[in-house]
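Enquirer: Protein chains in written order, with the working numbering: chain A, 1 to 296; chain B, 1001 to 1296; chain C, 2001 to 2296; chain D, 3001 to 3296; chain E, 4001 to 4296; chain F, 5001 to 5296. Backbone N, C-alpha and C fix where the C-beta goes; we use that ideal spot for every residue, glycine too. Here the structure is a predicted model, which is why all the values come from computation and not from measurement.
Number of protein chains: 6
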Amino acid sequence: MNNSFAQLLPPSWKTLIQRYLEEDVPSFDVGGFVVGDEEMEALLYCKEKSKSIVLAGVPFFDEVFAELGCSVSWRYKEGDELSVTETGGPEGKIVVAVITGPCRRLLLGERTALNIISRASGVATASRELSAIAKESHWHGEVAGTRKTTPGFRLIEKYALLVGGCSTHRMDLSSMVMLKDNHVWATGSITNAVVKARKACGFSSKIEVEARTLEEAKEACAAGCDVVMLDNYASAEALIDDAKILKQSYPKVMVEASGGITKSTISAYFSPFVDIVSSGSLTAGYSIVDFSLKIK
Amino acid sequence: MNNSFAQLLPPSWKTLIQRYLEEDVPSFDVGGFVVGDEEMEALLYCKEKSKSIVLAGVPFFDEVFAELGCSVSWRYKEGDELSVTETGGPEGKIVVAVITGPCRRLLLGERTALNIISRASGVATASRELSAIAKESHWHGEVAGTRKTTPGFRLIEKYALLVGGCSTHRMDLSSMVMLKDNHVWATGSITNAVVKARKACGFSSKIEVEARTLEEAKEACAAGCDVVMLDNYASAEALIDDAKILKQSYPKVMVEASGGITKSTISAYFSPFVDIVSSGSLTAGYSIVDFSLKIK
Amino acid sequence: MNNSFAQLLPPSWKTLIQRYLEEDVPSFDVGGFVVGDEEMEALLYCKEKSKSIVLAGVPFFDEVFAELGCSVSWRYKEGDELSVTETGGPEGKIVVAVITGPCRRLLLGERTALNIISRASGVATASRELSAIAKESHWHGEVAGTRKTTPGFRLIEKYALLVGGCSTHRMDLSSMVMLKDNHVWATGSITNAVVKARKACGFSSKIEVEARTLEEAKEACAAGCDVVMLDNYASAEALIDDAKILKQSYPKVMVEASGGITKSTISAYFSPFVDIVSSGSLTAGYSIVDFSLKIK
Amino acid sequence: MNNSFAQLLPPSWKTLIQRYLEEDVPSFDVGGFVVGDEEMEALLYCKEKSKSIVLAGVPFFDEVFAELGCSVSWRYKEGDELSVTETGGPEGKIVVAVITGPCRRLLLGERTALNIISRASGVATASRELSAIAKESHWHGEVAGTRKTTPGFRLIEKYALLVGGCSTHRMDLSSMVMLKDNHVWATGSITNAVVKARKACGFSSKIEVEARTLEEAKEACAAGCDVVMLDNYASAEALIDDAKILKQSYPKVMVEASGGITKSTISAYFSPFVDIVSSGSLTAGYSIVDFSLKIK
Amino acid sequence: MNNSFAQLLPPSWKTLIQRYLEEDVPSFDVGGFVVGDEEMEALLYCKEKSKSIVLAGVPFFDEVFAELGCSVSWRYKEGDELSVTETGGPEGKIVVAVITGPCRRLLLGERTALNIISRASGVATASRELSAIAKESHWHGEVAGTRKTTPGFRLIEKYALLVGGCSTHRMDLSSMVMLKDNHVWATGSITNAVVKARKACGFSSKIEVEARTLEEAKEACAAGCDVVMLDNYASAEALIDDAKILKQSYPKVMVEASGGITKSTISAYFSPFVDIVSSGSLTAGYSIVDFSLKIK
Amino acid sequence: MNNSFAQLLPPSWKTLIQRYLEEDVPSFDVGGFVVGDEEMEALLYCKEKSKSIVLAGVPFFDEVFAELGCSVSWRYKEGDELSVTETGGPEGKIVVAVITGPCRRLLLGERTALNIISRASGVATASRELSAIAKESHWHGEVAGTRKTTPGFRLIEKYALLVGGCSTHRMDLSSMVMLKDNHVWATGSITNAVVKARKACGFSSKIEVEARTLEEAKEACAAGCDVVMLDNYASAEALIDDAKILKQSYPKVMVEASGGITKSTISAYFSPFVDIVSSGSLTAGYSIVDFSLKIK
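1) Taking 8 angstroms as the CB-CB limit, is Ser1121(B) close to chain E?
2) Should Arg105(A) and Leu68(A) be called a contact, given that it needs their Cβ atoms to be closer than 8 angstroms?
3) Please state whether DSSP places Asp290(A) in a helix, a strand or coil.
4) Answer yes or no: does any C-beta atom of chain D fall closer than 8 angstroms to that of Ile2116(C)?
5) Going along chain E in order, which residues have a C-beta closer than 9 angstroms to the C-beta of Pro3010(D)?
6) Considering only their Cβ atoms, is the gap separating Leu2021(C) from Val2064(C) smaller than 8 angstroms?
7) Check distances from the C-beta atoms of the stretch 3014-3027 of chain D to those of chain C and list, in chain order, the residues that come in under 8 angstroms.
8) Quick check on DSSP: helix, strand or coil for Ile3099(D)?
9) What does Leu1107(B) reach in chain E if we use C-beta pairs closer than 9 angstroms?
10) With distances taken Cα to Cα, identify the nearest neighbour of Ser3279(D) among Val3035(D), Lys3158(D), Glu3023(D) and Phe3153(D).
11) For His169(A), which residues in the same chain have their Cβ closer than 7 angstroms to its Cβ, ignoring the five residues on either side in sequence?
12) Would Leu2155(C) count as contacting chain B if we go by Cβ distances under 8 angstroms?
13) Go through the stretch 4014-4052 of chain E residue by residue and report every complete run of the alpha helix (DSSP H) that reaches 4 residues or more, in order.
14) If you draw a straight line from the alpha carbon of Tyr2269(C) to that of Ala2132(C), how long is it in whole angstroms?
15) Measuring CA to CA, which of Glu219(A), Leu108(A) and Leu179(A) is closest to Asp24(A)?
16) DSSP puts Ser5071(F) in a beta bridge; with which residues?
17) Is Ser4175(E) helix, strand or coil by DSSP?
18) I need the boundaries of the alpha helix (DSSP H) containing Ile4266(E), first residue and last residue.
19) Can you pull the DSSP bridge partners for Asp4231(E)?
20) Report buried or exposed for Ser4073(E), applying the criterion of at least 16 other Cβ atoms within 10 angstroms of its Cβ.
21) Return helix, strand or coil for Glu3078(D), following the three-state DSSP convention.
22) Counting C-beta neighbours from all protein chains within 10 Å, is the total for Gly1088(B) 16 or more, i.e. buried, or is it exposed?
23) Could you please give me the residues that DSSP links to Ala144(A) through a beta bridge?
24) Looking at the unbroken alpha helix (DSSP H) that takes in Val1195(B), where does it start and where does it end?
25) Under a CB-based cut-off of 8 angstroms, is Arg170(A) close to chain B?
26) Below 8 angstroms, can you find three or more Cβ-Cβ pairs linking the stretch 1198-1214 of chain B to the stretch 1225-1235 of chain B?
27) Looking at the unbroken alpha helix (DSSP H) that takes in Val3209(D), where does it start and where does it end?
28) If you follow the alpha helix (DSSP H) that Ala5236(F) is part of, which residue opens it and which one closes it?
29) State buried or exposed for Thr5262(F), treating a residue as buried only when at least 16 other CB atoms are found within 10 Å of its CB.
30) Specify whether the stretch 4163-4182 of chain E and the stretch 3187-3207 of chain D touch according to this definition: at least 3 beta carbon pairs, one from each stretch, less than 8 angstroms apart.
31) Kindly give me the distance between the Cβ atoms of Ile3288(D) and Arg3119(D), rounded to whole angstroms, as I take these residues to be in contact under 8 angstroms.
32) What does Phe3005(D) touch in chain F if you count any residue whose Cβ is under 8 angstroms from its own?
33) Which residue's Cα is closest to the Cα of Ile1266(B): Tyr1250(B), Glu1237(B) and Lys1247(B)?
34) What is the DSSP secondary structure of Val1253(B), counted as helix, strand or coil?
As structure tokens, then:
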């Protein structure tokens, strides 16, 4: 059974890669003229010293070079943990892939490909850390990202969440409906908001309601929502207490915990009454993994 | 004399904003249907506690809402330092701007506008830190970014470098020619590479050469390059020693220091013989500034 | 409380209208040159004799003329039933709207605007017929469309379903996951397919499974699907029998009936155990409503 | 001599197919992730019972799958009449083509390809019916479509008219100039309108004038038009009478009959004095041919 | 009666202007940052000394500045002949228009606007010369351009032909069908080629056939073509002789003379038996009119 | 060492070719339907009698036919001088290349490919004339083009300058900063303008200042500009006198001579004190080289 997340990619995603390349090379490439089209090999190195680097972005990296007529041979695969200190390698770095093609084309793709893979791997690494904690806790739920992604780069950041073992949460405003305080105010009540939303989205989409109190959460469930977000609670304990009460009346409704949850506090939310814990920091302000490319 | 960096923006940059909005709302917006078109006001809050936040991204934030028929009134201006702890405000956050427009349109633009301004301000804040150190050192040169930017988001990251007081460095591969070891190998010598590059780029573009030794640097200068990058030297002292010798023979050539330079080490490079210090971390792995938007 | 489905439209939908206009006027418009830019009024007539015409497509019609600098004043509103025989009007047709603008621009938009509104109203009219039958039956569920839409025109057809009182069903392949026999075969079992799908889509998306027998349906429910489609059953009765059994074990799972359901057979499916009845004919092979535009 | 209408297609038409695919798969394809990339075969079935189905849309169907890296082998060819009842096949349906490729890619293209071929074949089938009646009447003229096409889908509908044996009529507003009452009013007379149009379109484009009386038609011919449309006449006889008189004075001018002409009334217009009979129903409100795709 | 050729322009032509601006300003505009947004006036000068300059390109020039938020006030109108030596003006140049707007925006549009108007006026001036000769000869026919236009700039060059008093000839390969020797060879005979073309284009498009002898021309006419091109004849006299014979048998067929016809030889072709004379030089290798823009 | 200027082309330039093809074939290609897909060969002829034709545009010509599935075999290479009178050939023309592919595709690409190569070769021929004069004068500097290019066609015209031995000068407004009188007026002084520009462009871009007197030129140099343009001087001698004085004080600053310089006057500017001579006529108002394509 084939498990590659690359199989999620729509036919149009290659256009994104073309735009990235065009952003980096809007007109002439004098460096390319200097080096010419001689066939060469380049090595992709990972230079990070951390033990827990997760490789992500392989199909995007591949496509950058495919656009340019080069090919990539990988020594690690998508989702692998790269351990620089253990496997060693010259200068404390490891060879992750070998790219073959005309010299100027290798250099044309270099910066765009590295900019992608260093960010995708950064997101996947941060995601793996959180999902690993969840796994160790034997928690049944999902650690999820948010829509706090870089404009123009969302597809790759959402994809990297999956590689790291987390959920994408809704892809965009057109996916799962999410009703917040603003929506409630504008319609008079949570019930009105949910009923009106269902009229437009129908059965095929889930509706999530952001609740700040148990009463709000209960009204949302009674109105027919599918997910309740308990947001910005004073403590994990308080949140779990409410989640437990909610689950007794509405066992099928999913409960999401959100609001300033970090790596150090997340495990407190791994309760049987909480189904999703989401964190914006997975795609916003994440660290970059240091990759480089050298022609042999 | 008007000094707004927004005046740098080309006619086409609004297309970028349209794409960002399309990425976030590919089809129906059920939340918008729920709230409708009633005219409302929303407040943009900055929630960071740090003293040194630099506001950046104003023209992009404005354009998101202009596309949606809303208008923005700012209480701070581009480049201002926001000091949450000092000015205070309810809940330890300050109101940065007021956005007015139909309720559903405020919510349509919310996430994209916040995703932009939180990243632009993050880059500007990091840039201001480094440029402030340079200023305090009374250094004559430029702290510059690199091409290590997020694909699809470069224009905004480069722009934010300027707001933070740093230089953009070359915008893309088609700007200033940069010759690295790969280019040299392919042509046989630094001299050959520079001559060949000049043939294609002519007088109107600068040529920078990456050198690892004083000999390489000298050959590059003799061949007619405009900038020499001294990369990955063992120490700032060693780099400055070479820069000094170089400047004696080639006083008009600019010298760039590069390679793993961080906030804690940068001041060691602020020599009269060094003209540019560049750092990839300004646009890669930077922290995000926490903004939020609330409808009144 | 504003209820317009136009509030569902994303910022980018106007691009669609621009493309439609470009399709109809790729280069010069000699007719426009002939008539010039004199300000004029045009009347939009509905010529259908049927009593149950539902007007749909108003925001798209408006946008065609907005793109061309004309304005539209409506005598009926989105979703209204137009009754030509009752209200009468000269030549057995009624005036639906008045468009004002430069003569050549009225003619530039005429055909595209009519092509849109005649199709949107066709879909809405067919949808209203089915949703009215459901309403008369006091059925709790949703009559829904499918993805059998005209390529390049889906947004408008899906929108018109809502105006007619039906559900859109999933907007595209990237919305709610739908697992059919092909997916099951490829993974070995319904359970495998559902588990693998959940791994990628997470909690924020529903999963629907197409089942041909009660056993398949039960396995799907046990595996965690949100909706079961009972497809191509021999009779409505047989389908409802299975739906009833299913609901006893899995009361929260929604049941969709599908497969060759027509206006004459649909009421047999309006059971308390069936939540959705879908019909491809609402957007494929629907009749067109005859509108025309005359300059006064 | 090769006669394929596919040879009419411009270099850019593949962009259209890419847009159709993007419309159906805007972001992730979870179903594709479930099934993976195993090579498989899928059968294209036609399920219609009617004897006179005309297959159309082959190059577009091919291109959908070519974009996805699959290949199609056809058992019938463009324009063939599919006779389900005669050739039989299991379950009263016939196999029209076999598509080979990775499983997820077959499913990615399925809906878009079917949506195209079912509509193209619908238009071609309706067109063949009318063109066959003309042929049986040994009529010299052309049965033609109109610009009443689905926005975003015109190229395929116009193409299918040709496969069905009809004429496309003008492709768009920029093709043959067509002057209607509105144009005449704005310029004061038919003569003025024709003269002004010729000034802009020159010799290379035809000019057609819509006439409601013989006098109008004569003025149009005298002014130099190439085609006269006799529109909405009370009867076919009245129209033919005028056409005959017109042809005596202007034998080179072509005469088009138009206005509410249906399959049951069309043969009355097949006169030696009428050169074109046009019908909007060929591309508006046409029936869909039922195709489906099953993976083996 | 309004006669502006600007009324021929399709809704989409403004996209062309946006692309031209983007070509000239792909990223930052440092000059714009230097001058800022102060409101200013700029004068458009024509510096040519020739008496017969024809102003063309006004709507495109206007649109460049409209895109940038500036407005243009013209002292001459589209198609006017500018006579620098007569009206005089400082430094032997005349003020053609005044543009008002923010300083940086005037400079942003300057080069693109001048590049357009200098070329459009060049084409119009060359066209006016030939059409004036035709007018003086009291010739009934059309002087026409060809498809020998600059890729990416055709719309403007075709438009300028009209301003200069010439015909556009077919706009593109999809307009009037043109059959040359290659088409004839591939189908076996002129008759075959014409019949096959008519099958695809129907009545709404003209068919032109290129003939090199009277026999070929006659076959083309007999086969039903609308226009015959007599190409590359040894002399104008020989061509007119054949045209005369042809017109006697086929009075309705139009005759086009083509092949190396220049300003000095064109009048020899102005025969009553020739309807069109075409010249590629009107849009290929034409002289540029010297305009400049100065801020006051 | 490979020297092809084609190696300068960015990944995205093929999109340009696709647009050119779309401009010429917006909808159906009836001629292509007439000839069909039989494999054929076509010859590219150059028909110019001049001795100094320079072939340019080979990669663009190749790409037109590559887009259409044809291949090109060249008998001359980019930059070669084609000498029709010497090598002779039938009918005084020479075969430059052989194109192979399906007949209709050869004809589809014919006009676009010829329109490109005839213009690119025109620019390269004009450029070679001037660069040859410079070479004969043993001048050290660069003859350069300007931004006076055809909108939508700049990439090819700039490229052809290089093939002809000239410099491109800045590619667009976003390349090298150029400060003219307008910029100076808006900031108060040349010094202010240069300082403000440097603030935005940083070290990586050159700054050129247009000066009309020696005093202006000196101020510009003192302010830190990289290039000074001496524009519209009364005579070459006067310009060289000032250039000489300038070089004594600022030996590293480059001096550009500009303003109405033609082939007959250019050699007067080839002084050791002048580094660049630029001429707008290289890309504006240039002659076209006559190529044609014939199917064998």
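Expert: The relevant details are as follows:
1) No, Ser1121(B) does not count as interfacial toward chain E.
2) It is a contact, given that the beta carbons lie within the stated cut-off.
3) Coil, per DSSP.
4) Judged by the 8 angstroms Cβ criterion, Ile2116(C) is in contact with chain D.
5) In chain order: Leu4173 and Ser4174.
6) In this structure, Val2064(C) places its C-beta atom within 8 angstroms of the C-beta atom of Leu2021(C).
7) Sequence-ordered contacts of the stretch 3014-3027 of chain D with chain C read Leu3016, Arg3019, Tyr3020, Glu3023, Asp3024, Val3025, Pro3026 and Ser3027 [C-beta pairs closer than 8 angstroms].
8) It is a strand residue.
9) Within chain E, no residue comes near Leu1107(B); the closest Cβ sits about 29 angstroms away, beyond 9 angstroms.
10) Checked all of Val3035(D), Lys3158(D), Glu3023(D) and Phe3153(D); the closest Cα to Ser3279(D) is Lys3158(D).
11) For His169(A), the CB contacts under 7 angstroms within the same chain, skipping 5 residues up- and downstream, are Ala144, Gly145, Thr146 and Ser278 in chain order.
12) Taking CB atoms only, Leu2155(C) has a neighbour in chain B less than 8 angstroms away.
13) Runs of the alpha helix (DSSP H) lying entirely within the stretch 4014-4052 of chain E and spanning at least 4 residues, in chain order: 4030-4035.
14) Each residue's Cα considered, the two are about 14 angstroms apart.
15) Out of Glu219(A), Leu108(A) and Leu179(A), Leu108(A) has the C-alpha closest to the C-alpha of Asp24(A).
16) Within the DSSP bridge table, the entry for Ser5071(F) names Thr5100(F) as partners.
17) Coil at Ser4175(E), not helix or strand.
18) Careful: Ile4266(E) lies outside any alpha helix (DSSP H) and carries neither H nor E.
19) Looking at the DSSP assignment, Asp4231(E) forms a beta bridge with Ser4258(E).
20) Exposed is the call here.
21) Glu3078(D): coil per DSSP, three-state reduction.
22) At Gly1088(B) the pLDDT is 49, less than 50, meaning the model places this residue with poor confidence and gives no usable figure here.
23) Note: Ala144(A) is bridge-paired with Ser167(A) and Ser278(A) in the DSSP secondary-structure output.
24) Residue range Ile1190 to Cys1201 is occupied by the alpha helix (DSSP H) that includes Val1195(B).
25) No, Arg170(A) lies away from the interface with chain B (no Cβ there is under 8 angstroms from its Cβ).
26) Yes, the stretch 1198-1214 of chain B is in contact with the stretch 1225-1235 of chain B.
27) Where Val3209(D) is concerned, there is no enclosing alpha helix (DSSP H), although the beta strand (DSSP E) it sits in stretches over Ile3207 to Ala3211.
28) Element bounds for Ala5236(F): Ala5236 to Ser5249.
29) Result: exposed.
30) Enough Cβ pairs lie closer than 8 angstroms, so yes.
31) Ile3288(D) to Arg3119(D), Cβ: 6 angstroms. Contact.
32) Result: Phe5033.
33) Among Tyr1250(B), Glu1237(B) and Lys1247(B), the Cα nearest to that of Ile1266(B) belongs to Glu1237(B).
34) In the three-state DSSP reduction, Val1253(B) falls in the coil class, being neither helix nor strand.
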